[in-house]
Structures are given as C-alpha cells and as structure tokens.
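To keep things clear, I will list the structure first and then write my remarks on it.
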Amino acid sequence: MKQFGEQIRQVVEETLRAMAVRQGLIIIEDKGALDCVIRARLQSAVLRAVDEPHIDWRTL
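All the letters of the sequence shown, read from the start, carry residue numbers 1 to 60 under the UniProt record's numbering.
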C-alpha cells in the first residue's frame with residue numbers, strides 16, 4: 001500500500017468493524033480503487049469466506 005495506504009487501511013478497518021469481523025488474514029493490494037469499490041470487494045470476500053446463506057443486506 002503506497003500512495004493511498006492509510007486511507008485504504010481506514011476503509012478496511014471500518015468495513016471489518018461494521019461486519020463484526022474480529023480475526024482473519026486480510027491481504028490488500030493497492031491499485032488505487034475508490035473507497036466504495038474497496039468496501040464492496042472486502043464485503044464480498046468476507047461473505048464468501050463465512051459462507052453465510054442469510055445475508056442481512058441492511059447492515060452492509
């Protein structure tokens with residue numbers, strides 16, 4: 001994470017906190033994506049990892 005590293009880290013931490021994720025391995029590759037894109041990609045990855053069939057879309 002080079003140019004926007006701190007901003008990306010903040011978005012990731014906020015997203016994980018909102019999803020109540022307390023542990024896991026998160027690897028971030030800085031490609032300069034918008035915050036909303038980073039958030040959506042992370043949410044998708046977390047939801048795939050937990051294999052949750054019933055998603056409360058209001059919390060995302």
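Quick reminder that beta carbons are idealized off the backbone N, C-alpha and C, glycines included. Since the structure is predicted, the reported quantities are computational estimates derived from the model, not experimental observations.
Please name the residue in V12, L34 and D35 whose C-alpha comes closest to that of I28. For I28, the nearest C-alpha among the options comes from V12.
Since Q10 is in the alpha helix (DSSP H), which residue starts that stretch and which ends it? G5 to A18
Just tell me which of W57, F4 and G32 has its CA closest to the CA of Q43. The shortest C-alpha separation from Q43 is found at W57.
Beta carbon of R39, beta carbon of T15: below 7 Å? In contact: R39 and T15 (Cβ atoms closer than 7 Å).
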